[in-house]
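A.B. asks:
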Amino acid sequence: MKKTCALLLLAVLCLPLLLAGCGDAAVPASPAEKKDLIVVGFSQVGAESDWRKANTLSMQTALSPENGYRLILDDAQQKQERQITAIRNFINQGVDYIVLAPTTERGWDTVLTEAKAAGIPVIIVDRMIEITDTSLFTCWIGSDFRKEGGTAVSWLEKRFGQEPLNIVHLQGNIGSSAQIGRTEGLDAGLAAHENWHLAFRASGDFTQAKGQELMEGVLADGTDFNVIYSENDNMAYGAIDALKKAGLTPGRDVTLIAFDSSSTALHMILSGEISLDVECNPLHGPRVQSIIELLEKGETPPKFTYVEETYFDESNLTEEIISSRGY
Ligand code: AHR
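The sequence shown begins at 214 in my numbering and counts up one residue at a time.
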């Protein structure tokens with residue numbers, strides 16, 4: 214009797230397995246269960262800013278096993294040498310695609326020649342690279358950083374007209390497209406306006422800690438300024454902390470301009486601390502996914518794609534807009 218019960222129990226337990234093996238009646242395996250995931254090596258700059266974290270999350274969400282991908286993420290901690298090592302590792306692992314968010318524009322020729330020799334397509338995201346042989350990468354998608362700088366300069370012109378401006382300029386990491394473009398934008402504004410004066414300029418490497426440190430130095434030196442042009446949100450947060458510690462009120466005593474438009478910064482526009490935030494969109498995951506889908510079908514994506522971006526100030530921003538955005 215005991216033996217009969219045990220056999221019955223076994224049959225009940227095995228029934229789903231037997232059914233799953235029944236040809237047409239079986240539930241098809243999800244991409245995650247299949248072995249043929251597309252393997253993507255992603256060399257990321259680092260985790261220096263809210264923008265960067267949103268960018269990493271966007272890539273992880275889009276290039277997920279559920280969508281048919283295995284993403285190998287490498288965080289280079291803002292160091293180009295680490296990115297070069299990561300790309301070499303991806304080549305050795307025989308990944309299907311390499312995605313590179315480059316720290317700086319220069320210095321990619323050798324390693325991308327190696328990727329090309331290995332037959333691995335390279336997709337560049339976010340910042341641009343400067344390279345003579347453009348066949349070394351498949352395509353690029355990212356922001357027009359020069360245009361972002363121009364947007365900030367036009368806004369300053371409209372807001373202040375002929376008033377004298379003493380500008381503190383917090384730069385991103387030197388040699389990155391985001392720094393080069395936004396700095397070129399401001400330089401064009403400085404050259405075009407006699408009433409604009411550069412009070413201070415240094416790199417805060419896109420981090421909050423360095424933004425604060427630089428601003429504390431500016432305040433300690435007694436530099437005269439009424440505008441801060443911060444090349445990203447996180448350095449602006451650091452600058453705001455320094456201003457408050459010094460008893461100043463951002464937005465009233467100083468006009469703060471930032472780039473990225475992360476949700477924390479947009480809330481600071483509503484509270485009056487930041488006056489202008491020029492958008493830099495980090496949600497490249499689905500865009501890279503579409504590019505890979507095209508390549509998988511044997512089609513050719515456009516070589517260069519600029520994403521659409523806008524700006525936010527008190528005139529066009531609401532809570533609803535902030536909560537409708539993905540970062
Ligand atoms: O390349 C995009 C820039 O890099 C963002 O403005 C900044 O926040 C990030 O670190």
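We put the CB at the ideal spot given by N, CA and C, even for glycine.
Measuring only the C-alpha atoms, how far is K457 from P463?
C.D. replies: 7 Å
A.B. asks: Taking 7 Å as the cut-off, decide whether the C-beta atoms of S262 and F419 are in contact.
C.D. replies: yes
A.B. asks: Alpha carbon to alpha carbon, what distance is there between E370 and F438?
C.D. replies: 17 Å
A.B. asks: How long is the line joining the alpha carbons of S528 and I453, rounded to whole angstroms?
C.D. replies: 21 Å
A.B. asks: Check whether the Cβ atoms of V431 and V381 sit closer than 7 Å, and answer yes or no.
C.D. replies: Yes, these two residues count as a Cβ contact at 7 Å.
A.B. asks: Check whether the Cβ of A452 lies closer than 6 Å to any heavy atom of the ligand AHR, and answer yes or no.
C.D. replies: no
A.B. asks: If you reduce the DSSP assignment to three classes, tell me which class D357 lands in.
C.D. replies: Note: D357 maps to coil in three-state DSSP.
A.B. asks: Report the rounded CA-to-CA distance for S243 versus L507, giving the unit in angstroms.
C.D. replies: Its pLDDT being 48, under 50, S243 is placed unreliably in this model, and the coordinates cannot settle the point.
A.B. asks: Roughly how many whole angstroms lie between the Cα atoms of S503 and V258?
C.D. replies: 22 Å
A.B. asks: Starting from W321, follow the beta strand (DSSP E) in both directions and report where the run begins and ends.
C.D. replies: W321: not part of any beta strand (DSSP E); DSSP gives it neither H nor E.
A.B. asks: Should R265 be counted as a contact of the ligand AHR given a C-beta to heavy atom distance under 6 Å?
C.D. replies: Annotation for R265 indicates a beta carbon within 6 Å of some heavy atom of the ligand AHR.
A.B. asks: Going by other Cβ atoms of all chains shown within 10 Å of its Cβ, with 16 needed for buried, is Y310 buried or exposed?
C.D. replies: buried
A.B. asks: Give a yes or no on whether the C-beta atoms belonging to M448 and L383 are separated by under 7 Å.
C.D. replies: yes
A.B. asks: According to DSSP, simplified to helix, strand and coil, what is Q290?
C.D. replies: coil
A.B. asks: Tell me whether N445 counts as near the ligand AHR, meaning its Cβ is closer than 6 Å to at least one heavy atom of that ligand.
C.D. replies: Yes; taking the cut-off as 6 Å, the Cβ of N445 has a heavy atom of the ligand AHR nearer than that.
A.B. asks: From A245 to S277, what does the alpha carbon distance come to, in whole angstroms?
C.D. replies: Only weak support is given to the placement of A245: the predicted model assigns it a pLDDT of 45, under 50, and the question is left unresolved by the model.
A.B. asks: Is E343 near the ligand FMN, judged by its Cβ being under 6 Å from some heavy atom?
C.D. replies: Inclusion of the ligand FMN in the displayed structure is not the case, the ligand content consisting of the ligand AHR alone.
A.B. asks: Closer than 7 Å, CB to CB, is A275 near chain D or not?
C.D. replies: No chain D is present in this structure, which holds just one protein chain.
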